[in-house]
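Residues -10 to 127 in this note's numbering are what the sequence shown spells out, letter by letter.
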Amino acid sequence: MLEEYETGFLVVSCSGALKSGQIANAIAVKMAENGFAEMISIAGIAAGVEGYVNKAQRVNDLIIIDGCEKKCACKIIENSGITPKHEFCLVELGYLDSDGPVDMDEVDIFRKKIKLLYGQAKSNSKYSVCGCETCIRD
């Protein structure tokens, strides 16, 4: 894991039926595509797939992105015996759910918010991420 994702971060997200869940998933996918974090399957964790559960239990920094206030992804993590440390809910960050296709501009706005808040929480870590747009990891 650390060769490809040298930060050692993992990300899981909601991918629910609401647009907020789809945006949460798109944010996690973009974080993985950019090498910021490795994305693992929340469905695999919910199903008790050993490899996913073990990986989520062992990692120091698991980023959880939920779309709405139901926080299904966070509940799945908790039900797997893992204490969430880095949990983000798009609705709590100001997202207003709507109909229509996922807007990639919205994805980028909320991805940047999450990176900034995560960076602030990690400011004392050797893997500190400032969240600014000039860092190598987008």
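Backbone N, C-alpha and C fix where the C-beta goes; we use that ideal spot for every residue, glycine too.
Following the continuous alpha helix (DSSP H) through residue i, name the residue where it begins and the one where it ends.
{"i": "C94", "result": "The amino acid occupying residue 94 in the given sequence is Asp; Cys does not appear at that position. Where D94 is concerned, the enclosing alpha helix (DSSP H) stretches over M93 to A110."}
{"i": "S9", "result": "K8 to E22"}
{"i": "I54", "result": "Run containing I54: none in the alpha helix (DSSP H); it sits in the beta strand (DSSP E), D50 to D55."}
{"i": "E67", "result": "C61 to N68"}
Quick one, which of the options has its alpha-carbon nearest residue i's?
{"i": "I66", "options": "V48, A35, P90 and L79", "result": "A35"}
{"i": "D97", "options": "K19, S4 and G10", "result": "K19"}
{"i": "D88", "options": "F25, G33, I12 and R100", "result": "I12"}
{"i": "E22", "options": "V80, K111 and V0", "result": "V0"}
{"i": "I31", "options": "F25, S2 and D92", "result": "S2"}
{"i": "F25", "options": "R100, S9 and L79", "result": "R100"}
{"i": "K44", "options": "V91, P90, G70 and C78", "result": "G70"}
Determine the extent of the beta strand (DSSP E) in which residue i is found, giving its start and end residues.
{"i": "E76", "result": "H75 to C78"}
{"i": "V42", "result": "Unbroken run through V42 is the alpha helix (DSSP H), E39 to R47; no beta strand (DSSP E)."}
{"i": "F(-2)", "result": "F(-2) to S2"}
If you draw a straight line from the C-alpha of residue i to the C-alpha of residue j, how long is it?
{"i": "Y(-6)", "j": "N68", "result": "Legend: pLDDT at Y(-6) = 46, less than 50; position of this residue unreliable, value from coordinates given subsequently. Approximately 26 Å between the Cα atoms of the pair."}
{"i": "M28", "j": "S4", "result": "12 Å"}
{"i": "L106", "j": "E39", "result": "30 Å"}
{"i": "E58", "j": "E81", "result": "7 Å"}
{"i": "G108", "j": "G56", "result": "20 Å"}
{"i": "D86", "j": "K8", "result": "6 Å"}
Count the other C-beta atoms from every protein chain shown that fall within 10 angstroms of the C-beta of residue i, then say buried if there are 16 or more, exposed otherwise.
{"i": "N14", "result": "buried"}
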